[in-house]
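When the letters of the sequence shown are read in order and numbered with our numbering, they come out as residues 86 to 273.
Note that beta-carbon positions come from the ideal geometry of N, C-alpha and C, so glycine has one too.
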Amino acid sequence: MIRSPYSSDPFPFSSSASTSSCNSLQRETKVLDLFIALKVHEDVMVDDSSLHLEREDSFKDLFDLMQPRSRLEDLVRHYGVREGAVHTNPSGVNVSSSSSSIFRVNNSGTGSASTSKRTSDPAPLPFSALSVSFSPRRVGLVLTTSGRKRTIVDVARTRDEKLEVTAKKLVRQLKVWLSDGSRSSGII
């Protein structure tokens, strides 16, 4: 049912700890739940009446739009967290260290250690406030704050481009958007 190039591994970043699909950060599992519910509904209708014809197009929206969009959101979460542009903490506090230790050795062979605060990195966006607008030719990253939705990043894509490539483009553009100070408009 899932057509390439939209999916590779359905659970690529799963950890050993088991979580229910309701509490999962993965948005693609919600689409799997919808598929199961739709399939059960269709099976019940076929069993209930001999006049009911199963409609193949009932699964079209699910696998042509919802599944690739959810998969892309999961990939943006993965690559965004890795690049420091997105966080998944409910508290909104970045758990990574914002200070770095540097050990310098001078010409006489003695060394000194210093700790410096990094202030150049912009704060990452919460993944819960991000979603993806998905079409065959363009993909956008939508930020929702205070009930307002705003497309903050928009990239072009080819129809057969892998979602992993598109996600990396989105995260790269998100980092540019964050570093340009585009957030100073009071949205966040």
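Look at residue 133 here: in three-state DSSP terms it is helix. Pairing residue 113 with residue 155 gives a Cβ-Cβ distance under 8 Å. For residue 243, DSSP assigns no beta-bridge partner whatsoever. Here the alpha carbons of residue 219 and residue 150 stand approximately 7 Å from one another.
Non-local C-beta neighbours of residue 252 in its own chain, meaning closer than 8 Å and more than five positions away in sequence, comprise 157, 160, 161, 163, 164, ordered along the chain. Straight-line spacing of the CA atoms in residue 215 and residue 240 works out to 15 Å. In this structure, the alpha-carbon of residue 262 lies about 16 Å from that of residue 212.
Residue 148 and residue 222 have their C-alpha atoms spaced approximately 17 Å apart.
According to the DSSP secondary-structure assignment, residue 227 is paired through a beta bridge with 216, 236.
Distance between residue 210 and residue 173, taken at the CA atoms: about 9 Å. Just measuring C-alpha positions, the residue of 227, 170, 167, 231 sitting nearest residue 238 is 227. The beta carbon of residue 243 is closer than 7 Å to none in its chain, skipping five residues each way along the sequence. Rounded to whole angstroms, the separation of the alpha carbons of residue 208 and residue 175 is 14 Å.
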